[in-house]
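Student: Residue numbers (the working numbering): 18 to 318. The structure follows.
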């Protein structure tokens, strides 16, 4: 029985913990999940960029999905990310996710190929037609070099299961552009940690977070305060959080956020090659950001 996806609130883009010998660390994965649930998050996304999707085998993604579904036990929806090199593979992964019990999907555009508008719409359409699961389109032209424009969403709007957008264009204007074009047809979730509060205040329904993997309570506090109109209180926490949130907008975001999750006891810094753990001055610099923030960690009401 699928859990309904409301596309509102905080959805952690989950890290994938590994053991020292490069196996999935499911006990640590579940420890992080429980910390997120205790903080009150509204859903989970597995196997995204922060989850090292490009290095995961299909069966590993299903293992993570099964683990999350067991821990969540119907409390919140669990989504699997679809980021494949071909339309055929994307369809296969979507069908596998649905068969395994996923509650929804986040779908990236074609990987490794800068598809044009016609090709990108055809890709999303093929996935939408292959599954009954609700879908969130990940719109991130900054990192993936493909912009899903208003005109393209006009074509995609006829598919009822394409329901939400992870708004990661880094152009805050696009939130208003989408609202003006579609009203509430698509739910919008801010996908850039350093623009999260601004995105919520401009009308986003939720926040797909990265540093939430290490700091779920603070992430939830910002979201809840902003939605309650307590902007000054949200801003105080957000300003404290910003040096940490900036760890999310770097090519080594996985290593950086894993180090933060390790520092608070709900993660480890093991990554999968070609990524390598941080060393030397870079590791010390990131640890300094983390430890400085921890020393001034706000007391939450």
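Note that CB positions come from ideal geometry on N, CA and C, so glycine has one too. Computed from a predicted model, the values in this text were never measured in an experiment.
Cβ atoms of residue 264 and residue 228: under 8 Å apart, would you say?
Tutor: yes
Student: Say whether the stretch 142-156 touches the stretch 107-114, bearing in mind that this needs 3 or more beta-carbon pairs closer than 8 Å, one atom from each stretch.
Tutor: Yes, they touch.
Student: If you measure between the beta carbons of residue 288 and residue 69, is that distance less than 8 Å?
Tutor: yes
Student: Which value, in whole angstroms, describes the spacing of the CA atoms of residue 130 and residue 268?
Tutor: 19 Å
Student: Within the chosen definition, does the stretch 160-172 reach the stretch 27-47 through at least 3 CB pairs nearer than 8 Å?
Tutor: no
Student: Can you look up residue 252 in the DSSP assignment and give me helix, strand or coil?
Tutor: helix
Student: Answer with buried or exposed for residue 28, where buried requires no fewer than 16 other C-beta atoms within 10 angstroms of its C-beta.
Tutor: buried
Student: Enumerated in chain order, which unbroken segments of the alpha helix (DSSP H) with a length of 4 residues or greater are wholly contained in the stretch 41-81?
Tutor: 43-56
Student: So the candidates are 302, 286, 299 and 303; which of them puts its Cα closest to the Cα of residue 32?
Tutor: 286
Student: Does the structure place the stretch 169-184 close enough to the stretch 235-246 that three or more beta carbon pairs sit under 8 Å?
Tutor: no
Student: Buried or exposed for residue 126, please, with buried defined as at least 16 other CB atoms from any protein chain shown within 10 angstroms of its CB.
Tutor: buried
Student: Look at the alpha carbon of residue 315 and the alpha carbon of residue 107, and state the distance between them as a whole number of angstroms.
Tutor: If you take the alpha carbons of residue 315 and residue 107, they lie about 42 Å apart.
Student: DSSP state of residue 274, grouped into three classes?
Tutor: Helix at residue 274.
Student: Would you identify the three-state DSSP class for residue 123, choosing helix, strand or coil?
Tutor: Strand at residue 123.
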